[in-house]
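Number of protein chains: 2
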Amino acid sequence: MTYQESLVALADPTRRQIFEALAEAPRPVGQLAQDMPVSRPAVSQHLKVLSDAGLVTCRAEGARRIYAVRPEGLAQLRTWLDRHWSKVMARFAEEVNGKDGLDD
Amino acid sequence: MTYQESLVALADPTRRQIFEALAEAPRPVGQLAQDMPVSRPAVSQHLKVLSDAGLVTCRAEGARRIYAVRPEGLAQLRTWLDRHWSKVMARFAEEVNGKDGLDD
DNA sequence: GCTTACGGTAAGTAATGACTTACCAAGAAT
DNA sequence: ATTCTTGGTAAGTCATTACTTACCGTAAGC
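The listed protein sequences correspond, in order, to chains D and E.
Residue 14 is where the first sequence starts when you use the working numbering, and the numbers rise one by one after that.
Residue 14 is where the second sequence starts when you use the working numbering, and the numbers rise one by one after that.
Printed below as a string of structure tokens:
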């Protein structure tokens with residue numbers, strides 16, 4: 014549920030592939046596994062990581078578990094990125110302007 | 014130099030700490046290592062990963078190597094995130110609006 | 001010149017993590 | 001009721017990786 018977990022979760026290529034598939038459309042585990050180069054249990058394990066990070070949710074539909082992306086998860090990561098983005102851009106502007114030449 | 018590398022680079026807590034320190038202000042390696050719970054060589058290795066990912070650059074200043082964040086690196090990650098953000102939000106809107114009830 | 005500060009690289013180690021197969025529980029179908 | 005589907009969990013394995021110490025090159029200071 015933190016941006017740290019989101020970064021770890023999305024750093025793995027397989028997990029990113031799963032996440033991107035879910036961003037297209039919600040899917041059950043089995044269908045995800047079919048399109049993936051790894052076994053179904055592996056997909057389940059990845060889904061747990063994504064779920065713990067708050068990036069996906071799961072709704073039961075009979076025996077099927079339909080996974081879907083969770084906007085708030087991405088939002089948190091976005092917030093973190095934007096905070097640093099601002100910081101970096103401010104610093105960059107200083108650099109360009111010459112840091113002591115305050116006005117243009 | 015890709016968003017994938019950026020994600021891997023920023024997924025590690027120590028590396029994130031280094032990156033965030035550099036986002037505050039450019040620093041030489043030794044100074045970074047002082048504020049860090051790991052050895053100087055470890056910091057060097059992390060800086061290599063961050064550098065390969067395009068997230069930081071290095072300018073030599075005598076014997077010192079001053080590292081600084083590289084805006085373009087973050088920009089790439091931001092672009093990727095925003096692409097998916099849009100996708101996720103579009104999907105979320107569909108969900109809320111009821112997907113077949115097209116207008117409100 | 002020699003010595004000290006700075007930092008990258010090498011080699012080895014210990015922990016993490018991504019994957020597999022085997023197994024088990026719960027719902028659907030006949 | 002039993003059989004088949006769906007998917008989570010357990011246990012074990014192999015690869016990756018984050019870390020350490022030791023070492024080497026280069027610049028600065030005396």
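Idealized CB from N, CA, C, for every residue including glycine.
Keep in mind that this is a model prediction, so the values were computed, not measured.
Any C-beta of chain E sitting closer than 8 Å to the C-beta of residue i?
i, result
"A73/D", "no"
"V109/D", "no"
"R77/D", "no"
"R40/D", "no"
"V101/D", "yes"
"A66/D", "no"
"R28/D", "no"
"Q89/D", "no"
"L23/D", "yes"
"H59/D", "no"
"L45/D", "no"
Taking only the alpha-carbon atoms, compute the straight-line gap between residue i and residue j and give it to the nearest angstrom.
i, j, result
"P26/E", "Q17/D", "8 Å"
"P50/E", "P54/D", "36 Å"
"S99/D", "L68/E", "15 Å"
"P84/D", "A103/E", "10 Å"
"G43/E", "V109/D", "26 Å"
"A88/E", "V101/D", "10 Å"
"A73/D", "A38/D", "16 Å"
"A36/D", "C71/E", "37 Å"
"G86/D", "H59/D", "16 Å"
"H97/E", "I79/E", "34 Å"
"M14/E", "W93/E", "13 Å"
"A24/E", "L63/D", "14 Å"
Of the residues the options, which one's Cα is nearest the Cα of residue i?
i, options, result
"V21/E", "W98/E, K61/E, Y80/E", "K61/E"
"D95/E", "R96/D, R91/D, H97/D", "R91/D"
"F32/D", "T15/D, M14/D, V56/D", "V56/D"
"A106/D", "H97/E, A106/E, V82/E, F105/E", "V82/E"
"S52/D", "Y80/D, A24/D, G86/D, R28/D", "R28/D"
Considering only residues of the same chain and omitting the five flanking positions on each side of residue i, which have a CB-CB separation below 6 Å?
i, result
"A66/D", "E18, S19, A22"
Any C-beta of chain D sitting closer than 8 Å to the C-beta of residue i?
i, result
"L63/E", "no"
"V51/E", "no"
"A36/E", "yes"
"V69/E", "no"
"Q17/E", "yes"
"V56/E", "no"
"L20/E", "yes"
"I31/E", "no"
Leaving out five residues on either side along the sequence, give the residues of the same chain with a beta carbon under 7 Å from the beta carbon of residue i.
i, result
"A34/D", "R40, L45, D48"
"R77/E", "P41"
"Q30/E", "M49"
Inset, instruction - Within the region 52 to 105 of chain E, note down every full alpha helix (DSSP H) run reaching 4 residues or more, in order along the chain. - result: 53 to 65
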